[in-house]
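Here is the structure we will look at.
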Amino acid sequence: MYMLALHLARIKGTCSEAELRQLTSELSSIDELAEKVLDQQDKIKELAAKYKDVQSTFFLGRGFDFAVAMEGALKLKEISYIHAEAYAAGELKHGPLALIDDGVPVLALISQDSLVDKTMSNIKEVKARGAIVVAICKENLQEACQEC
555 MYMLALHLAR
565 IKGTCSEAEL
575 RQLTSELSSI
585 DELAEKVLDQ
595 QDKIKELAAK
605 YKDVQSTFFL
615 GRGFDFAVAM
625 EGALKLKEIS
635 YIHAEAYAAG
645 ELKHGPLALI
655 DDGVPVLALI
665 SQDSLVDKTM
675 SNIKEVKARG
685 AIVVAICKEN
695 LQEACQEC
């Protein structure tokens, strides 16, 4: 499906050739990325043990990360039967922020360099309401995400 989307982007002219080459190259390294995730099993198990008894979990993302947040929330609901919702980080002030209170886990997805500052602003908002934030970000953004 990803390759189909790239081909459609090429036909419609919505991506430059350079962007298409980069995206295709990134797709070819997906096995390495999966290996990096699997190498973090201990950390993942630690997080699962810590949050196994929560009533609700919220996922935040901007741009592409919102789609990933929606899928993450769906998988958490389907597999663990924990209430989970995904929100576009830019829409927090329009209602969802009222659902955040002390101890509620918020998984914030940050993969786009251009959206780090805005997403960090949203993270500060939920932390001010007492949320426990777990940031999931690209390696090159880990320094920016340290305050999470």
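Per the working numbering, the sequence shown starts with residue 555, numbered consecutively. For each residue, glycine too, the CB sits at the ideal point set by N, CA and C.
Pair within 7 Å by beta-carbon distance, residue i and residue j
{"i": "Gly684", "j": "Asp655", "result": "yes"}
{"i": "Ile686", "j": "Leu663", "result": "no"}
{"i": "Tyr641", "j": "Leu669", "result": "no"}
{"i": "Ala549", "j": "Thr673", "result": "Any question about residue 549 goes unanswered here, given that the chain covers just 555 to 702."}
{"i": "Ser665", "j": "Asp619", "result": "yes"}
Boundaries (first-last residue) of the beta strand (DSSP E) holding residue i
{"i": "Leu663", "result": "659–664"}
Spatial distance of residue i from residue j (CA atoms)
{"i": "Leu630", "j": "Leu661", "result": "11 Å"}
{"i": "Lys647", "j": "Ser634", "result": "28 Å"}
{"i": "Leu653", "j": "Glu571", "result": "43 Å"}
{"i": "Leu628", "j": "Gly567", "result": "32 Å"}
{"i": "Gln594", "j": "Val622", "result": "19 Å"}
{"i": "Leu577", "j": "Glu693", "result": "17 Å"}
{"i": "Ala602", "j": "Ser610", "result": "13 Å"}
{"i": "Ala563", "j": "Glu645", "result": "27 Å"}
{"i": "Phe612", "j": "Leu651", "result": "10 Å"}
{"i": "Leu657", "j": "Asp671", "result": "In the sequence as presented, Leu is not what sits at residue 657; that position holds Gly. The straight-line gap from Cα to Cα measures roughly 24 Å."}
{"i": "Ser579", "j": "Glu600", "result": "33 Å"}
{"i": "Met555", "j": "Glu573", "result": "17 Å"}
{"i": "Cys569", "j": "Leu558", "result": "13 Å"}
Limits of the alpha helix (DSSP H) - the one that residue i falls within
{"i": "Ala563", "result": "556–566"}
{"i": "Ala689", "result": "Note, Ala689: premise wrong, no alpha helix (DSSP H); beta strand (DSSP E) at 686–691."}
{"i": "Leu577", "result": "571–582"}
{"i": "Ser675", "result": "670–682"}
Proximity test, residue i beta-carbon vs the ligand ZN heavy atom, cut-off 6 Å
{"i": "Glu679", "result": "With respect to the ligand ZN, the structure shown offers nothing to examine, as it has no ligands at all."}
Legend entry - At least three beta-carbon pairs within less than 8 Å, the segment 605–622 to the segment 578–588: no
Legend entry - Segments of 4+ residues assigned as alpha helix (DSSP H) that fall wholly inside the segment 601–665: 618–634
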